[in-house]
Each structure stands twice: as structure tokens, then as C-alpha cells.
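Input: a single structure, listed below in C-alpha cells.
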Amino acid sequence: MAKPMFDADALISMFESATAQQGAQLRKATTEATLAALQGRELTLKNIRGALKQVAEAASTGIAKNPLPGIDPESLLDQAVTGMDQALLKAVEANRVALSTLVTQGADLREKHLGKALADLEKMEDTMFAAMKKAAAGAGAPMADAWAPILEKMQAGGTLSGAQAATTAEAMAEQMHSAMRSSRAASMRAAQVLAESYTAMVSGVLIGMSDALSSGGSAARKTKAK
Numbered sequence: 002m003a004k005p006m007f008d009a010d011a012l013i014s015m016f017e018s019a020t021a022q023q024g025a026q027l028r029k030a031t032t033e034a035t036l037a038a039l040q041g042r043e044l045t046l047k048n049i050r051g052a053l054k055q056v057a058e059a060a061s062t063g064i065a066k067n068p069l070p071g072i073d074p075e076s077l078l079d080q081a082v083t084g085m086d087q088a089l090l091k092a093v094e095a096n097r098v099a100l101s102t103l104v105t106q107g108a109d110l111r112e113k114h115l116g117k118a119l120a121d122l123e124k125m126e127d128t129m130f131a132a133m134k135k136a137a138a139g140a141g142a143p144m145a146d147a148w149a150p151i152l153e154k155m156q157a158g159g160t161l162s163g164a165q166a167a168t169t170a171e172a173m174a175e176q177m178h179s180a181m182r183s184s185r186a187a188s189m190r191a192a193q194v195l196a197e198s199y200t201a202m203v204s205g206v207l208i209g210m211s212d213a214l215s216s217g218g219s220a221a222r223k224t225k226a227k
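Residues 2 to 227 in my numbering are what the sequence shown lists, from first letter to last.
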């Protein structure tokens, strides 16, 4: 397994000692952990799936170890999944910013790399669902029972990031057609170079967007004392 890009032990510890009243803290910590896991990687579907799986596994492991009486594992998992969904919303926004920038510079979204970017946006929800299924499959009893209704709810109702990704893909296609109709001129070679490094560009946008969430001592950023 690839080394996590976030402090998995810190996230495990947080869920291991979490109470039912810490929902907001758990969501925030999971969002930050997911963003940390995504940073430093190109935002391909494969990397997104891997990051989500690692964060989900850490949260699930912590919940399984939680000894507090009256804890509802399903409720804690729901907070974790909501936090990951919030992080993916930022990844979708990073894609929107990058695509919009390229289109205003004259890039054609029918070009191979950008066409794939739009297609990948539409697969964002499936990617999250696949990552959660993988994490659930490796959880074992009794966590598998807690995961089952979470997966069922995701499949039935979808995710916020998935809905936003689909809307973004549609809006970007419309923006491209508008740009073509207004005959915007641009250097096609420069646009092609940018398009070929698209996933790296999105990653850079995401890092910039994530700076505001950085805070010392957060579960996502904490470095273990040696």
C-alpha cells in the first residue's frame, strides 16, 4: 500500500476516542485528512480513489477501536464519509477553476486531455463509492455491519460532490461552446501544453484552496513526535 499523505495514526486516534457530540470536529478532521491525502498527487481518478480509501480505512479502524459505551459506529462513519464528500467538493471546484482558465485561454474541451477531464468529473461519485466499498470490504466484523447502511444511502441518494461534479461538467461544456461562438483567439500550442499537464494544474489549484483550512494541531496535518 502506498504511504498515506496524511497522519493516519492521528485520525485513527481521533475516531478511537470520539463521542457522539463531536460530529462537526470529526467531519472537519476527515475533510482536512482527505485534502492532505490528495495534495502532492495529480488528481487522477486512481489517486483520488486511493486517497479516499486510505482515509476511510483510518476512520473505520479508529471507530472499531472506540471503547466508549453507547457509541453508534454507523453515525461516526456517516460523519467521516460526509467529511470526505466535503473534501471532494473542493477537488471538483479545483477542476472547475482549472478548466475555466484553460477555456478562457482558448483550449478546446474536445481535445483529448480535457475531454477526459470532463469525463472524469462525471465519474467522481462512482470513484468515491468504489473507494468506500473497498474500505468496507476490508473492515471485517462488526464494522462491516456499520458500513452497509452507509453504502446503501450513498448508492440511493448520491453525494454532494458527485452532483456538483456533474453540474460542473455540464457548465464547462457550455462555456466552451460560448467561447467558440465568440471566436476567442489563443495560442493552441500553449493551450495544448497546459492541457497535457491538466491533472497537475488541478492539484496546484486544490493546494491553494486548501491553505485556508490549514491549522496547527489538526488531525490531518499533525506530525507525530518522534
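Backbone N, C-alpha and C define an ideal beta-carbon position, used for all residues, glycine too.
Taken in chain order, the complete alpha helix (DSSP H) segments of 4 or more residues contained in the region 71 to 113 are 74 to 105.
Nearest neighbour of Glu123 by Cα position, chosen from Arg97, Ala108, Thr102, Met133, turns out to be Arg97. By the neighbour-count criterion, in which a residue is buried when 16 or more other Cβ atoms sit within 10 angstroms of its Cβ, Gln156 is exposed. Excluding its 5 nearest sequence neighbours in each direction, Leu69 has C-beta neighbours in its own chain below 7 Å: Thr20, listed in chain order. Taking all protein chains shown into account, Pro143 has fewer than 16 neighbouring C-beta atoms within 10 Å of its C-beta and is therefore exposed. Closest by C-alpha distance to Ser211, out of Glu75, Ala81, Ala95, Ala11, is Ala95.
Residue Gln87 holds the alpha-carbon nearest to the alpha-carbon of Leu27 among Gly71, Arg42, Gln87, Gly51.
For the pair of segments examined, the region 125 to 135 was found not to touch the region 194 to 208: the number of CB pairs separated by less than 8 Å stays below three. The beta carbons of Met125 and Val82 sit no closer together than 8 Å.
CA-CA distance, Gln165 to Gly84, rounds to 15 Å. Between Ala108 and Leu115, the C-beta gap is smaller than 8 Å, which places the two residues in contact. The Cβ neighbour count for Glu175, taken over all protein chains shown within 10 Å, is under 16; the residue is labelled exposed. Taking a C-beta distance under 8 Å as the contact criterion, Phe7 and Gly63 do not qualify as a contact pair. Separation of the CB atoms of Ala138 and Glu58 is rounded to 10 Å, and the pair is thereby denied contact status at 8 Å.
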